[in-house]
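Protein chains in written order, with the numbering used here: chain A, 16 to 268; chain B, 959 to 1420.
Even glycine gets a Cβ: it sits at the ideal position worked out from N, Cα and C.
Notes to accompany the following structure.
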């Protein structure tokens, strides 16, 4: 079943007098429970695409369906609500609150949650998540007392506190050594398999992308391949996606 | 929607405390401006209040709450005899004023004399020889005696030969020995000294208030000066004949009559000398200096009624007060307080600017944190609220410490410098209100700036 569907998404930045198109018509679908890598060189538009997918930004034109709801034109507050309830974010530089315990860091997104959850429930949930990422004995440690890998685990626990169906990881291993990277990526795979969380890995690294089951390649604001799940057996799917495909071929020369 | 749900409020507050704790030094330094401002306001107000009260008290000791009722002018054949020459004020007037005017605290009828005091081989003419009742001391706020006891109402009834001496007279006549129990001669009447008044210093006109003898007014009237004023004004005697009294027992009813009552024939056969029981002034103390106008109104009404003055007749008495002096003094004190308060308020505003400055720096420094919070679902208003609450918490904490520091300072000034200070609840309320206002006022701009940040750029901010 489709979780995300993009239809001819374009994003154009205005730099002074000049229009700078970054996304030039992106169409793709991502199903529930997928582990997808979004790959491209820097400047390819993959970050902009992730921002739009992650409801941090809105497209200049095009449609975006999340769980069947068209959300390309909703207000900033509604997007904030969606980010809080439907999405988790893991960043390259972890973005943990300094001088704040791991537990408090994990609890932070609950502050903005509309879900009625008690202090105690939140705490239990956060502790369970920290155990899940293997930091049961580090809950009271502050980020400065944790290694890079541990910090990223805290960030993953934080991204899961609101039980989102969708997780974005923006270069999650960019600041980690290769062994820790592998551990983190294995954790993503585990989460994807065991919890059924849809994960989108944004990376420029083919080794990282190799951990995903599908890779969407982006170049110069267009999808080169992997726009649709190869396993998609429904006949309607390619039809809906065909305009995107044609755009791709058009734009290539 | 959830702007004010209690759980949300508690969480926001906790987040604010966490954020402030994360940078203790900076939070403390930011708070310092408010702490000093509030402390200055509190200390200034307490010192100002204390000195205003002290000035009020010292003015009151000079008689700021006092009123003098003078008898009016007598005139005969086109010749007026000057203020106080009419014999219209009686001790009963004094008693009625105390009884019927609620704005009056104490009343004392007074009689004046000016004559020589002799003790042993020394003599002295006091500035003032005053006959009154024990309540005179109450009217003047002079109830503390240096030595001995005041005379009593009984002494007044009996026209007892007792007196209280002021410090100057003690110095001049007794030269260091205790006068209590000794006898001085006043106009050749031997009067026993029962007490010595405490030192009062000079009054606002520069008159030595300690150059003073106080006796029962009956003693002055009957034994010392006779009817001194009457001699200056024979024509008034006939006019005031109706107020004559023949014995002190009529003035102070309730005494046991020691003698069988006289029949009309006996009275005719043994005429007592006519004595006019009028007094020169009545001195009145109002309950507070502010009540003086009210007291004047009540006394005027009462005396006009008692003296049976028709609506077309002028008053046969004059009332004077010192309210102008009081007003000047208190307005000076309040001017000083307001001036200092102004300076203190400026320092509060400076403290507020300091908070705004630091909050702006803090917003810049925490751009990434703001971006992250937005990424995990904080709306612009959540960020606005968070930074606003932080500023307000800083200001309120600063205000609380400021109140403690201000109270401590005023306490220290009181203990070590001996300045009078007085707790000012108004200042504390004002300080809290001002800190809150400063917090919201100066915290709003940085908070608004934070809430305007773009999450994407904020997340990438280095």
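Outcome for residue i when other beta-carbon atoms lying within 10 angstroms are tallied against a minimum of 16
| i | result |
| --- | --- |
| residue 119 of chain A | buried |
| residue 61 of chain A | buried |
| residue 1236 of chain B | buried |
| residue 1352 of chain B | buried |
| residue 1251 of chain B | exposed |
| residue 1094 of chain B | buried |
| residue 1304 of chain B | exposed |
| residue 209 of chain A | exposed |
| residue 965 of chain B | exposed |
| residue 1081 of chain B | exposed |
| residue 136 of chain A | exposed |
| residue 1037 of chain B | exposed |
| residue 1168 of chain B | buried |
| residue 28 of chain A | exposed |
| residue 982 of chain B | exposed |
Cα-Cα separation between residue i and residue j, rounded to whole angstroms
| i | j | result |
| --- | --- | --- |
| residue 1176 of chain B | residue 1090 of chain B | 8 Å |
| residue 1067 of chain B | residue 1219 of chain B | 29 Å |
| residue 115 of chain A | residue 1294 of chain B | 49 Å |
| residue 74 of chain A | residue 59 of chain A | 16 Å |
| residue 1346 of chain B | residue 1002 of chain B | 29 Å |
| residue 37 of chain A | residue 102 of chain A | 24 Å |
| residue 1323 of chain B | residue 159 of chain A | 18 Å |
| residue 46 of chain A | residue 1341 of chain B | 33 Å |
| residue 1270 of chain B | residue 1049 of chain B | 26 Å |
| residue 1063 of chain B | residue 1310 of chain B | 49 Å |
| residue 1400 of chain B | residue 1389 of chain B | 16 Å |
| residue 207 of chain A | residue 122 of chain A | 22 Å |
| residue 205 of chain A | residue 233 of chain A | 26 Å |
| residue 1203 of chain B | residue 1088 of chain B | Its pLDDT being 44, under 50, residue 1203 of chain B is placed unreliably by the model, and nothing is read from it. |
| residue 1073 of chain B | residue 1182 of chain B | 9 Å |
| residue 99 of chain A | residue 1360 of chain B | 40 Å |
| residue 1247 of chain B | residue 1282 of chain B | 11 Å |
| residue 1174 of chain B | residue 1358 of chain B | 58 Å |
| residue 1355 of chain B | residue 989 of chain B | 7 Å |
| residue 1132 of chain B | residue 1077 of chain B | 8 Å |
Contact list for residue i against chain B, beta-carbon separation under 8 Å
| i | result |
| --- | --- |
| residue 91 of chain A | 1337, 1338 |
| residue 119 of chain A | 976 |
Integer Cβ distance of residue i from residue j, believed to fall under 8 Å
| i | j | result |
| --- | --- | --- |
| residue 212 of chain A | residue 51 of chain A | At roughly 12 Å, the Cβ-Cβ gap does not stay under 8 Å, so residue 212 of chain A and residue 51 of chain A are not in contact. |
| residue 1149 of chain B | residue 1142 of chain B | 6 Å |
| residue 82 of chain A | residue 229 of chain A | At roughly 19 Å, the Cβ-Cβ gap does not stay under 8 Å, so residue 82 of chain A and residue 229 of chain A are not in contact. |
| residue 272 of chain A | residue 217 of chain A | Not covered by the structure: residue 272 of chain A. The range shown for chain A is 16 to 268. |
| residue 1348 of chain B | residue 974 of chain B | 4 Å |
| residue 1308 of chain B | residue 991 of chain B | 6 Å |
| residue 1316 of chain B | residue 984 of chain B | 6 Å |
| residue 1155 of chain B | residue 1103 of chain B | 6 Å |
Chain A residues whose Cβ lies nearer than 7 Å to that of residue i
| i | result |
| --- | --- |
| residue 1327 of chain B | 112 |
| residue 1316 of chain B | In chain order: nothing, as chain A lies at least about 17 Å away. |
Proximity test, Cβ basis, 8 Å: residue i and chain B
| i | result |
| --- | --- |
| residue 115 of chain A | yes |
| residue 222 of chain A | no |
| residue 172 of chain A | no |
| residue 95 of chain A | yes |
| residue 247 of chain A | Below a pLDDT of 50, predicted positions are generally treated as unreliable, and residue 247 of chain A, at 45, falls in that range; the measurement from the model is reported next regardless. No - not a single Cβ of chain B is within 8 Å of the one on residue 247 of chain A. |
Minimum Cβ-Cβ distance from residue i to chain A less than 8 Å
| i | result |
| --- | --- |
| residue 1332 of chain B | yes |
| residue 975 of chain B | no |
| residue 1413 of chain B | yes |
| residue 1346 of chain B | no |
| residue 1417 of chain B | yes |
Contacts of residue i in chain B (Cβ-Cβ under 7 Å)
| i | result |
| --- | --- |
| residue 126 of chain A | 969, 973 |
| residue 98 of chain A | 1333, 1334, 1335 |
| residue 71 of chain A | 1333, 1413, 1414 |
| residue 151 of chain A | Within chain B, no residue comes near residue 151 of chain A; the closest Cβ sits about 23 Å away, beyond 7 Å. |
| residue 243 of chain A | Here the premise fails: no neighbours, minimum Cβ distance about 27 Å. |
Interface partners of residue i on chain B, CB under 9 Å
| i | result |
| --- | --- |
| residue 190 of chain A | Those within 9 Å of residue 190 of chain A in chain B number zero; the least Cβ separation is about 14 Å. |
| residue 123 of chain A | 973, 1330, 1331, 1334 |
| residue 66 of chain A | 1413, 1414 |
| residue 106 of chain A | 1330, 1333, 1417 |
Partner residues on chain A for residue i, Cβ-Cβ distance less than 9 Å
| i | result |
| --- | --- |
| residue 980 of chain B | 112, 113, 114, 115 |
Neighbouring residues, chain A, relative to residue i (Cβ below 8 Å)
| i | result |
| --- | --- |
| residue 1355 of chain B | Simply none; closest approach about 19 Å. |
Residue i Cβ short of 7 Å to the ligand ATP heavy atom set
| i | result |
| --- | --- |
| residue 72 of chain A | Looking at this structure, you won't find the ligand ATP or any other ligand, since it has none at all. |
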